[in-house]
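Here the sequence shown is numbered in the working numbering, starting from -5 and rising by one per residue.
Here a beta-carbon is modelled for each residue, glycine too, at the ideal position from N, C-alpha and C.
Keep in mind it's a predicted model, so treat the numbers as computed, not measured.
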Amino acid sequence: MSRGWQGLVLRALGAKEHLITLVSKRFFTDHYVRLEFEAPTLFSDVEPRPAAWLRLWFPDPAGGRRQYQRGYTIAEADPEAGRLIMEFVLHEPAGPASAWALGTEAGDQLIAQSLGSVPFQAHAESDRLVLLADLAAVPAVNAVLRELPAERDVVLLLEQAHADDAGVPLTEHPRLRVHRFDREGPATMARQLAEQVPDLDGAQVWAAGESGSLKGIRKAASGRAGGSKANTHIQAYWIAGRAMGTARD
Ligand SMILES: Cc1cc2nc3c(=O)[nH]c(=O)nc-3n(C[C@H](O)[C@H](O)[C@H](O)COP(=O)(O)OP(=O)(O)OC[C@H]3O[C@@H](n4cnc5c(N)ncnc54)[C@H](O)[C@@H]3O)c2cc1C
């Protein structure tokens, strides 16, 4: 889909364009970087609720005129100061977004839009929260854990791709159990879920990660007692071997 066409659609749907400017950059590991941006107009339009995300337009790494749209989570925000933090996985092969995040310097700018973002909401009738994620979803998981009521039981199954993934900080929560595992392939996450949480009945399920990994999670979540649209959120954040998102010329 061309960006010209898609840009028109986003605008017609009310997705305003906001210029954001990089102010600081900090590597947590070789594969994960935190970027802080100045965003003077964004919060007139966007509410930074937990796991809310933006559509960002990245330049062509080859220097061409194309721009590439990718989704990134608002990791933290200070709407009054017009500041936000986003955190990027630096993966191989790189795509336009991860290449930009690796090479960017203070003063660099991006265009951000918001459309289709579904923020996390703790489901009062569920007895616990089961989070399934990989590194790309850690910014969302951390935002969710910051907002989660202290008395809510929560399990985080965290898929790892690099030996240094544990260097990425996780939000503390008094009732959080974290189980880390290495990704062997698309079936790993569902296998870990079956082993670690054999009974999903009554749980709220929030999952984000590689598209293929989530197929088994969808299946497991759809069969649980008490499952509903309101307490189930499963979203592909990336696709193994394929670029995500759209482009515009
Ligand atoms: C709602 C939403 C929120 C998201 N929030 C974040 C976020 O906060 N932080 C973040 O880092 N990502 C986040 N993502 C994921 C990010 O948009 C994708 O990883 C995207 O594909 C990266 O774009 P790219 O241009 O770097 O790579 P692409 O051009 O899309 O892909 C190039 C290659 O890299 C591979 N690839 C892409 N992503 C990954 C990955 N994470 N790990 C390993 N290989 C990968 C692809 O399979 C492909 O082979 C989010 C996605 C969505 C939909």
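- Report yes if the C-beta distance between GLN249 and HIS167 is below 7 Å; otherwise report no. An answer regarding residue 249 cannot be provided, because it is not within the stretch -5 to 243 covered by the chain.
- Any heavy atom of ligand 3 closer than 6 Å to the Cβ of ARG177? The model on display carries ligand 1 but not ligand 3.
- Task: Return the bridge partner residues of TYR26 from the DSSP annotation.
- Result: THR23 and VAL83
- So, helix, strand or coil for ILE105, using DSSP? strand
- Task: Using only the heavy atoms of ligand 1, determine whether one of them is closer than 6 Å to the beta carbon of ALA157.
- Result: no
- Query: Closer than 6 Å: is that where the CB of MET238 sits relative to any heavy atom of ligand 1?
  - Reply: Checking the Cβ of MET238 against ligand 1 gives yes.
- Quick one: Cα of SER120 to Cα of TYR62, how far? Going by the C-alpha atoms only, they are around 38 Å apart.
- Could you pull the start and end residues of the alpha helix (DSSP H) that LEU244 belongs to? Because residue 244 is not part of the residues shown, which for the chain are -5 to 243, the question remains open.
- Task: With a threshold of 16 other CB atoms inside 10 Å of the CB of ASP195, please say whether the residue is buried or exposed.
- Result: exposed
- Task: Using 6 Å as the cut-off, classify the Cβ of GLY89 as near or not near the heavy atoms of ligand 1, replying yes or no.
- Result: With a threshold of 6 Å, the Cβ atom of GLY89 counts as near ligand 1, since some heavy atom of the ligand is closer than that.
- Message: Measuring alpha carbon to alpha carbon, tell me which residue in PRO192, ASP193 and HIS117 is nearest THR226.
- Response: Selected option, being the one with the closest Cα: HIS117.
- 8 Å Cβ shell around THR182 - same chain, five flanking residues per side excluded: The answer, listed in chain order, is GLU153, PHE175, ASP176 and SER207.
- Query: What do you reckon, are the CB atoms on TYR66 and LEU48 nearer than 7 Å?
  - Reply: yes
- Residue environment, PHE37, which counts as buried when at least 16 other CB atoms sit within 10 Å: Buried: at least 16 other Cβ atoms inside 10 Å.
- Message: Quick check on DSSP: helix, strand or coil for THR182?
- Response: DSSP places THR182 in helix when its eight states are reduced to three.
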